[in-house]
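Q:
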Amino acid sequence: MRRILIVDDEKEMCNVLSQFFQAEGFQVDLAYDAFDALAKTKLNKYKYVLVDLVLPGSMNGIDIIRRVKKHSPSTRIIAYSGFCDLDITDRVISAGANNFIPKPFKQKELARLMRL
20 MRRILIVDDE KEMCNVLSQF FQAEGFQVDL AYDAFDALAK TKLNKYKYVL VDLVLPGSMN
80 GIDIIRRVKK HSPSTRIIAY SGFCDLDITD RVISAGANNF IPKPFKQKEL ARLMRL
């Protein structure tokens with residue numbers, strides 16, 4: 020079964036995305052902060068990681084992207100955020116993400132980026 024990790028401190032966003040991906044046949048894990056996300060990526064192998072760039076605590080989404088890609092280069096990472104500046108896409112791609120999508124987004128747009 021395809022496995023996905025959703026990293027977002029907004030529980031409602033996690034729940035909406037979780038329902039969508041479960042309906043698409045994914046096993047879904049959730050993490051509400053960077054430390055939980057990194058612990059889960061060390062224990063499990065994920066095909067995809069979806070990560071919000073703005074998270075509570077000392078690490079942000081770009082930190083997660085770098086660390087996940089370092090120990091799991093084949094994991095596809097899609098970053099998203101409601102706070103976008105002109106160079107955000109370049110920064111997340113440089114960190115190792117495969118794609119960036121600004122919030123709010125439609126689930127169909129996300130599925131297209133993931134080629135579901």
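Using the numbering used here, the first residue of the sequence shown is number 20, and each one after it goes up by one. C-beta atoms are modelled at their ideal positions from N, C-alpha and C, and glycine is treated no differently.
Fully enclosed by the segment 93–134, which beta strand (DSSP E) runs are 3 residues long or longer?
A: 95–100 and 118–121
Q: So for Arg86, helix, strand or coil by DSSP?
A: In the sequence shown, residue 86 corresponds to position 67, counting from 1. Of the three classes helix, strand and coil, the one that applies to Arg86 here is helix, per DSSP.
Q: Quick check: does the Cβ of Leu49 come within less than 7 Å of any heavy atom belonging to the ligand PLP?
A: The ligand PLP is absent from the structure shown, which contains no ligand whatsoever.
Q: Since Val74 and Asp28 should fall inside the 8 Å C-beta cutoff, what is the C-beta to C-beta distance between them, to a whole number of angstroms?
A: Locating residue 74 in the sequence shown gives position 55, counting from the first residue. Locating residue 28 in the sequence shown gives position 9, counting from the first residue. Per the sequence presented here, residue 74 reads as Leu, with Val not at that position. Going by Cβ atoms, the distance from Leu74 to Asp28 rounds to 5 Å, so yes, they are a contact pair.
Q: Helix or strand or just coil, what does DSSP make of Asp52?
A: Position 33 of the sequence shown, counted from the start, is the residue given in the question as residue 52. Here Asp52 sits in coil by DSSP.
Q: Between which two residues does the alpha helix (DSSP H) harbouring Leu36 extend?
A: As a first step, residue 36 must be located in the sequence shown, where it is residue number 17. Counting along the chain, the alpha helix (DSSP H) containing Leu36 begins and ends at Lys30 to Ala42.
Q: Please classify Asp104 as buried or exposed, where buried requires at least 16 other C-beta atoms within 10 Å of its C-beta.
A: Reading the sequence shown from its first residue, position 85 is the one you call residue 104. That one is exposed.
Q: List the endpoints of the continuous beta strand (DSSP E) containing Leu69.
A: The count along the sequence shown starts at 1 and reaches residue 69 at position 50. Run containing Leu69: Tyr67 to Asp71, per the beta strand (DSSP E) assignment.
Q: Exposed or buried, Ala130, counting other C-beta atoms within 10 Å across all chains shown (16 or more means buried)?
A: Residue 130 sits at position 111 when you count from the first residue of the sequence shown. Classification of Ala130: exposed, given that the 10 Å Cβ count is below 16.
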